[in-house]
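Here the structure is laid out as structure tokens; the discussion comes afterwards.
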């Protein structure tokens, strides 16, 4: 499924071209790609090894050179103290709801505009939220939800949508929802843009044929256009999910994990433990676990979705 | 039959525009709010009930540039982001050419390793990278930010450029080869100029991501000798009410305009760039 069949007819001229390329040394392609790979190993392999090493020590930023070996102590602490597992659960809830909502909205909006004469205008308009600085967006939503002066509450009350003001800061579900709303506002455009691009790139002949056969617009979209879109939907969702799972800026600005750690994501957990409580050993242990999961997910996503689309 | 179908198509168009208008409302209302926020005094930023039509004043625009080290933030943002894009191009153009044009053992593994670094969790590598820069005495230095941003964006820059290079017709390259040009010469004189829209798209996306970066910038920079706009605006606090929202709104709008213009330049290539080249136009 993941391997693309290569016809021998296509390979032969490529081989011939390769032979003619006799005057290029064999090491040339490696030399061209090596600097980039070396640079990237610096932010992947080096941090992993370093975090792995640190994770076996009781270690603090404030007292360098005072590390003591604790074996798997940091790891057992992570699972005994509920904060880490809670942050994993929070991350899944918050990023899961965000991506689900963004996906449904982006697909719906893309379906509504891609054959519209003003598609360019809609695209530019809907794109705008993505182009604001994420930290500024977070402050803007913090203010829109701020207790006592919340614009969101005021609008919902004055339109009769809700009888009383909601506590977006103190209620765990609402605090999580406030992060989801901000994320949906900011990142639905990402998926929307990709979906519109993919729909426009499609050959419209199939759609026309289906319409001639009497299919309705939504049937055409659902049964003809959408199935062809699946590979690109998968890639877009992988990219968006990864960015949603690593959510940090919004949590740092809007909630700082409050109330009672209910909005603390894994990224924020590592930051708080490592850089606020200076417990480098525990933060390193959490980093190692996250990296192992990341590597596994990335391997799977690449071989399942990216390889077939990009080879 | 035909008539009823036309009527239903007409009403479905109204329904469609109604739905689009709903989203446009949700999408644009916060932006309009941001604009009015930047045009009001601080006493009107956080009141109950919220003020939608403020007493217009340019106070926040003046304050932002007078009370905060905006020029330092702008300089640091500019230096770190532009520098990172240059590093990316220097590393990514040869790498993309190698991946697009040569057949060799391990090529796919190398290529997809580069791609998979797009999926790294920043917070999980933050601690080792912080300590690395500490040991290099590069903390609170825009050069450190430049190096970080370059690393974050290298995978997307490489893969976007590769996807454009792979579409350059081989015949053109072969013609140059017959004339005696070597691969490096062909890359610089033929392949690169023909994939320039990929290079521009990748550069603009990398620039935007670099300007927006928050986590590493927060950790590695702590004074205005390195802080960028993205982190600098989190310092806009003071007085009994804490965060100075109207000044933050000014920064948000000031940075939005160049981002919007840059995106307009590459709008046809945007979906392709955001999927790292997976989606062809």
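Chains as they are written, first to last, in my numbering: chain A, 4 to 314; chain B, 184 to 464. Beta carbons are placed, not taken as given, at the ideal position from N, Cα and C, and that holds for glycine. Quick caveat, the model's predicted, so the values are computed rather than measured.
Q. Looking only at C-alpha atoms, which of A/70, A/107 and A/169 sits nearest to residue 236 of chain A?
A. On the first chain, position 233 is the one that residue 236 of chain A refers to. Among A/70, A/107 and A/169, the Cα nearest to that of residue 236 of chain A is on A/107.
Q) residue 75 of chain A: buried (16+ other C-beta within 10 angstroms of its C-beta) or exposed? A) In the first chain, counting from the first residue as 1, residue 75 of chain A sits at position 72. So residue 75 of chain A ends up on the exposed side.
Q.
Within a Cβ cutoff of 6 Å, which residues of the same chain sit near residue 287 of chain A, ignoring the five residues on either side of it in sequence?
A. The residue given as residue 287 of chain A occupies position 284 in the first chain. Around residue 287 of chain A: 54, 57 and 58.
(Q) Going by DSSP, what residue range makes up the alpha helix (DSSP H) through residue 458 of chain B? (A) Along the second chain, one-based indexing puts residue 458 of chain B at 275. Element bounds for residue 458 of chain B: n/a, residue is neither H nor E.
Q. Where does residue 234 of chain B fall in DSSP's three states?
A. On the second chain, residue 234 of chain B is found 51 positions in, with the first residue counted as 1. It is coil, neither helix nor strand.
**Q.** Residue-chain proximity (residue 97 of chain A, chain B), Cβ-Cβ < 8 Å
**A.** Here the question's residue 97 of chain A lines up with position 94 in the first chain. Chain B, which has no Cβ nearer than 8 Å to the Cβ of residue 97 of chain A, makes this no.
Q: Check each residue of the segment 372-393 of chain B: if its Cβ is closer than 7 Å to any Cβ of chain A, include it; give the result in chain order.
A: So nothing in the stretch comes that close.
**Q.** Check whether residue 462 of chain B and residue 197 of chain A have beta carbons under 8 Å apart
**A.** Position 279 of the second chain, counted from the first residue, corresponds to residue 462 of chain B. Position 194 of the first chain, counted from the first residue, corresponds to residue 197 of chain A. Taking 8 Å as the cut-off, the beta carbon of residue 462 of chain B is found closer than this to the beta carbon of residue 197 of chain A.
(Q) Considering just the uninterrupted stretch of the alpha helix (DSSP H) at residue 292 of chain B, what are its terminal residues? (A) Residue 292 of chain B sits at position 109 when you count from the first residue of the second chain. Residues 290-299.
Q.
Pop quiz: residue 145 of chain A and residue 254 of chain A are said to be a contact at Cβ under 8 Å. What is the actual Cβ separation, rounded to whole angstroms?
A. Numbered from 1 along the first chain, position 142 holds the residue referred to as residue 145 of chain A. Numbered from 1 along the first chain, position 251 holds the residue referred to as residue 254 of chain A. Contact doesn't hold; Cβ gap of about 11 Å is too wide.
(Q) Please identify the residue among B/306, B/428, B/286 and B/369 whose C-alpha is closest to the C-alpha of residue 276 of chain B. (A) Taking the first residue of the second chain as 1, we reach residue 276 of chain B at position 93. Measuring from the Cα of residue 276 of chain B, the nearest candidate turns out to be B/369.
Q) Going by other Cβ atoms of all chains shown within 10 Å of its Cβ, with 16 needed for buried, is residue 32 of chain A buried or exposed? A) Reading the first chain from its first residue, position 29 is the one you call residue 32 of chain A. By the 10 Å Cβ count, residue 32 of chain A comes out buried.
Q) Under three-state DSSP, which class holds residue 25 of chain A? A) If you number the first chain from 1, residue 25 of chain A lands on position 22. In this predicted model, residue 25 of chain A has a pLDDT of only 49, less than 50, meaning its place in the structure is not dependable enough to derive any value.
Q) What is the rounded straight-line gap between the Cα of residue 72 of chain A and the Cα of residue 252 of chain A? A) In the first chain, the residue the question calls residue 72 of chain A occupies position 69. In the first chain, the residue the question calls residue 252 of chain A occupies position 249. Distance from the CA of residue 72 of chain A to the CA of residue 252 of chain A, rounded to the nearest whole angstrom, comes to 33 Å.
(Q) In this structure, how does DSSP classify residue 249 of chain A when only helix, strand and coil are distinguished? (A) As a position in the first chain, residue 249 of chain A is number 246, starting the count at 1. Residue 249 of chain A carries a coil assignment under DSSP once its states are collapsed to helix, strand and coil.
Q | Span separating the alpha-carbon of residue 293 of chain B from that of residue 340 of chain B | A | For the purposes of this step, residue 293 of chain B is taken as residue 110 along the second chain, with counting starting at 1. For the purposes of this step, residue 340 of chain B is taken as residue 157 along the second chain, with counting starting at 1. Each residue's alpha carbon lies about 15 Å from the other.
Q) Counting only runs that start and end within the segment 202-284 of chain A, where is the alpha helix (DSSP H) found for 4 or more residues in a row? A) Segments of the alpha helix (DSSP H) lying fully in the segment 202-284 of chain A: 208-215, 220-223, 229-248 and 269-274.
Q: Compare the C-beta of residue 199 of chain B against all C-beta atoms of chain A and say whether one is closer than 8 Å.
A: In the second chain, counting from the first residue as 1, residue 199 of chain B sits at position 16. Interface annotation, residue 199 of chain B: in contact with chain A, CB-CB separation under 8 Å.
Q.
Closer than 8 Å is the cut-off here; do at least three beta carbon pairs connect the segment 355-370 of chain B with the segment 296-309 of chain B?
A. Verdict: no, contact absent.
(Q) Going by DSSP, what residue range makes up the alpha helix (DSSP H) through residue 441 of chain B? (A) The count along the second chain starts at 1 and reaches residue 441 of chain B at position 258. That run of the alpha helix (DSSP H) goes 428-448.
Q. Residues in its own chain within less than 7 Å of residue 87 of chain A by CB, not counting five upstream and five downstream?
A. Your numbering for residue 87 of chain A matches position 84 in the first chain. Within its own chain, the residues whose Cβ lies closer than 7 Å to the Cβ of residue 87 of chain A, once the five positions on either side in sequence are excluded, are 81, 272 and 289, listed in chain order.
Q.
Against chain A, does residue 336 of chain B count as a neighbour if the rule is that its beta carbon must be under 8 Å from one of theirs?
A. Translated into the one-based positions of the second chain, residue 336 of chain B becomes position 153. No, residue 336 of chain B lies away from the interface with chain A (no Cβ there is under 8 Å from its Cβ).
Q: Taking only beta-carbon positions, decide if residue 25 of chain A is within less than 8 Å of chain B.
A: Along the first chain, read from residue 1 onward, the residue named residue 25 of chain A stands at position 22. Note on residue 25 of chain A: pLDDT 49, under 50, position unreliable in the model; the coordinate value appears next. Interface with chain B (8 Å Cβ-Cβ cutoff): residue 25 of chain A is excluded.
Q. Exposed or buried, residue 410 of chain B, counting other C-beta atoms within 10 Å across all chains shown (16 or more means buried)?
A. Reading the second chain from its first residue, position 227 is the one you call residue 410 of chain B. In this structure residue 410 of chain B is buried. Its beta-carbon is surrounded by 16 or more other beta-carbon atoms within 10 angstroms.
Q.
Pop quiz: residue 126 of chain A and residue 199 of chain A are said to be a contact at Cβ under 8 Å. What is the actual Cβ separation, rounded to whole angstroms?
A. The count along the first chain starts at 1 and reaches residue 126 of chain A at position 123. The count along the first chain starts at 1 and reaches residue 199 of chain A at position 196. Taking the Cβ atoms as the reference, residue 126 of chain A lies roughly 6 Å from residue 199 of chain A, within the contact range of under 8 Å.
Q.
Could you check whether residue 50 of chain A and residue 312 of chain B sit closer than 8 Å to each other, using their CB atoms as the reference points?
A. The residue given as residue 312 of chain B occupies position 129 in the second chain. The residue given as residue 50 of chain A occupies position 47 in the first chain. Yes, they are a contact pair.
**Q.** Residue-level contact to chain A via CB, residue 233 of chain B, 8 Å cutoff
**A.** By 1-based counting over the second chain, the position of residue 233 of chain B is 50. Yes, residue 233 of chain B counts as interfacial toward chain A.
(Q) Less than 8 Å between CB atoms is the rule here; does residue 303 of chain B satisfy it with respect to chain A? (A) Within the second chain, residue 303 of chain B is the residue found at index 120, counting from 1. Closer than 8 Å: yes.
Q.
For a test of the three-state rule: what should DSSP assign to residue 94 of chain A, helix, strand or coil?
A. Here residue 94 of chain A corresponds to residue number 91 of the first chain, with the count starting at 1. If DSSP states are grouped into helix, strand and coil, residue 94 of chain A belongs with the helices.
Q) When the cut-off is 8 Å and only beta carbons count, does residue 268 of chain B lie next to chain D? A) The displayed structure is made up of protein chains A and B, and chain D is not among them.
Q.
Residues of the segment 398-431 of chain B in Cβ contact with chain A at a cutoff of 8 Å, in chain order, please.
A. Listed in sequence order: 398, 401, 402, 412, 413, 414, 416, 417, 426, 428 and 431.
Q: Please go through the same chain and pick out, in chain order, the residues whose beta-carbon is closer than 6 Å to the beta-carbon of residue 137 of chain A, but skip the five residues on each side of it.
A: Stepping through the first chain from its first residue, residue 137 of chain A is reached at position 134. So the list reads 252, once near-sequence residues are dropped.
Q. Alpha carbon to alpha carbon, how far is residue 176 of chain A from residue 112 of chain A?
A. Within the first chain, residue 176 of chain A is the residue found at index 173, counting from 1. Within the first chain, residue 112 of chain A is the residue found at index 109, counting from 1. Cα to Cα, the separation comes out at about 27 Å.
Q) For residue 193 of chain A, which residues from the same chain have a beta carbon less than 7 Å from its beta carbon, with the 5 sequence-adjacent residues on both sides left out? A) Numbered from its first residue, the first chain carries residue 193 of chain A at position 190. Shown here for residue 193 of chain A: same chain residues with a beta carbon closer than 7 Å to its own, the five before and five after excluded, namely 133 and 243 in chain order.
Q. Hey, residue 402 of chain B and residue 283 of chain A are a contact pair by Cβ (cut 8 Å); roughly how many whole angstroms apart?
A. For this step, residue 402 of chain B is matched to residue 219 along the second chain. For this step, residue 283 of chain A is matched to residue 280 along the first chain. At roughly 13 Å, the Cβ-Cβ gap does not stay under 8 Å, so residue 402 of chain B and residue 283 of chain A are not in contact.
Q: Work out the CA separation of residue 406 of chain B and residue 245 of chain B for me, nearest whole Å.
A: Locating residue 245 of chain B in the second chain gives position 62, counting from the first residue. Locating residue 406 of chain B in the second chain gives position 223, counting from the first residue. Taking the straight line joining both Cα atoms gives about 22 Å.
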